[in-house]
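**Q** Here the sequence shown is numbered in this note's numbering, starting from 836 and rising by one per residue. For every residue, glycine included, the Cβ atom is placed at its ideal position computed from N, Cα and C. Since the structure is predicted, the reported quantities are computational estimates derived from the model, not experimental observations.
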Amino acid sequence: MAVSVLLQPSLVAANVKLPSYRSTEGYLCKLLLNEVAFPGEHGYISEQDTMRAMDNILLVLDARIHFIPSPYTRYQVAQTSSEKLLDIITAGGKHGQVAGFYRNRFGRPISEPRVEQRIDYLLRIANDGKPGRFARLMNYAVQRSKDYVKRLKRPQNLYAHLRWVAKTPVTGRAYSWMTDRHYYHSGGNYVRIPNNLRGSLSGNRFFTLRDLKR
836 MAVSVLLQPS LVAANVKLPS YRSTEGYLCK LLLNEVAFPG EHGYISEQDT MRAMDNILLV
896 LDARIHFIPS PYTRYQVAQT SSEKLLDIIT AGGKHGQVAG FYRNRFGRPI SEPRVEQRID
956 YLLRIANDGK PGRFARLMNY AVQRSKDYVK RLKRPQNLYA HLRWVAKTPV TGRAYSWMTD
1016 RHYYHSGGNY VRIPNNLRGS LSGNRFFTLR DLKR
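1) If you follow the alpha helix (DSSP H) that F1041 is part of, which residue opens it and which one closes it?
2) Going by C-alpha distance, which of R953, I960, E870 and Y994 is nearest I924?
3) List, from N- to C-terminal side, the beta strand (DSSP E) runs of 3 residues or more that fit wholly inside the stretch 983-1014.
4) Taking the DSSP output, what are the residues bridged to Y1025?
5) Quick check: the Cα distance between G931 and S1011, rounded to an integer number of angstroms?
6) For the beta strand (DSSP E) that R938 lies in, which residues bound it at each end?
7) Could I get the ranges of all uninterrupted beta strand (DSSP E) runs contained in the stretch 913-988, with 3 residues as the minimum, in chain order?
8) Mind the definition here: the stretch 907-923 touches the stretch 881-892 only if three or more C-beta pairs lie below 8 Å; say whether that holds.
9) Could you pull out every unbroken beta strand (DSSP E) segment of at least 3 residues lying fully inside the stretch 856-924, listed in chain order?
10) Count the other C-beta atoms from every protein chain shown that fall within 10 angstroms of the C-beta of R1049, then say buried if there are 16 or more, exposed otherwise.
11) Do the stretch 994-1002 and the stretch 976-985 make contact, defined as three or more Cβ pairs closer than 8 Å?
12) In angstroms, rounded to a whole number, what distance separates the CA positions of V1005 and G964?
13) Using 9 Å as the threshold, is the C-beta distance between I945 and R953 below it?
14) State the DSSP-derived secondary structure class of L1032, mapped to helix, strand or coil.
15) Using the Cβ count rule (16 or more neighbours within 10 Å means buried), how would you classify L1044?
16) Give every residue of the same chain whose Cβ lies closer than 8 Å to the Cβ of M1013, excluding the five residues on either side of it in the sequence, and list them in chain order.
17) Determine the direct distance from the alpha carbon of V851 to that of L1047, and round the result to whole angstroms.
Below, the structure written as structure tokens:
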């Protein structure tokens, strides 16, 4: 006689387990997941492209903390003088440097409901059935966030040695990203990194800074 066993949800191992959003790594992970395209979304090309986008979004934050090029100041670049990761992410408030990521009136880093809803949706897909693309991408964001917060490893920087964009001298590294639409631009001395220099990743356009010393 065959015996059918119904497993309770609590007994089924999840493909993805996200760190608490109250932790630094959890908040960073949420940002990485929200800012890139997943399969079926506009801007999605491949797993590798989405992973590369996560890496270089993380490196924008890292550059704003550790690699402000002279004569720029951190406040000019990041809208904060703080070197703390959560301050870099939430700078400027609700409609500040990273749309949808800000501090509430008690000073706690939070995100807009639309961000929570999207990540819950991605998580449901990732944990449905055997691990697939969604699970691999989400676990990649989890690991990158943990490694960065623990100062174990920085990803490869595609733009670190960039010195010219066409005839414009630039500082190297990306210092901003935006949705990849021709009418979006970070403004000021930001320089759009073109496609031939891999400036478009997973629906995002990356920007470096004009070199003011050349």
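**A** Here's the rundown:
1) Taking the first residue of the sequence shown as 1, we reach residue 1041 at position 206. Unbroken run through F1041 is the beta strand (DSSP E), N1039 to L1044; no alpha helix (DSSP H).
2) Walking along the sequence shown from the start, residue 924 turns up at place 89. I924 has its Cα closest to that of E870, out of R953, I960, E870 and Y994.
3) 1011-1014
4) In the sequence shown, the residue the question calls residue 1025 occupies position 190. Answer is L1044.
5) Locating residue 931 in the sequence shown gives position 96, counting from the first residue. Locating residue 1011 in the sequence shown gives position 176, counting from the first residue. Rounded to the nearest angstrom, the two C-alpha atoms are 12 Å apart.
6) Taking the sequence shown and counting its residues from 1, one reaches residue 938 at position 103. Where R938 is concerned, the enclosing beta strand (DSSP E) stretches over F936 to R938.
7) 936-938 and 944-946
8) no
9) none
10) The sequence position of residue 1049 within the sequence shown is 214, counting from 1. R1049 is exposed by the Cβ-count criterion.
11) no
12) Your numbering for residue 1005 matches position 170 in the sequence shown. Your numbering for residue 964 matches position 129 in the sequence shown. For V1005 and G964, the distance between alpha carbons rounds to 47 Å.
13) Counting from one through the sequence shown, the residue named residue 945 turns up at place 110. Counting from one through the sequence shown, the residue named residue 953 turns up at place 118. Going by C-beta atoms, I945 is not nearer than 9 Å to R953.
14) Numbered from 1 along the sequence shown, position 197 holds the residue referred to as residue 1032. Helix, per DSSP.
15) Within the sequence shown, the letter at position 209 stands for residue 1044. Counting Cβ neighbours within 10 Å, L1044 comes out buried, since at least 16 surround it.
16) Counted from its first residue, the sequence shown places residue 1013 at position 178. These residues qualify, in order along the chain: Y1019, H1020, S1021, N1039, R1040 and F1042.
17) Within the sequence shown, the letter at position 212 stands for residue 1047. Within the sequence shown, the letter at position 16 stands for residue 851. So the alpha carbons of these two residues sit roughly 45 Å apart.
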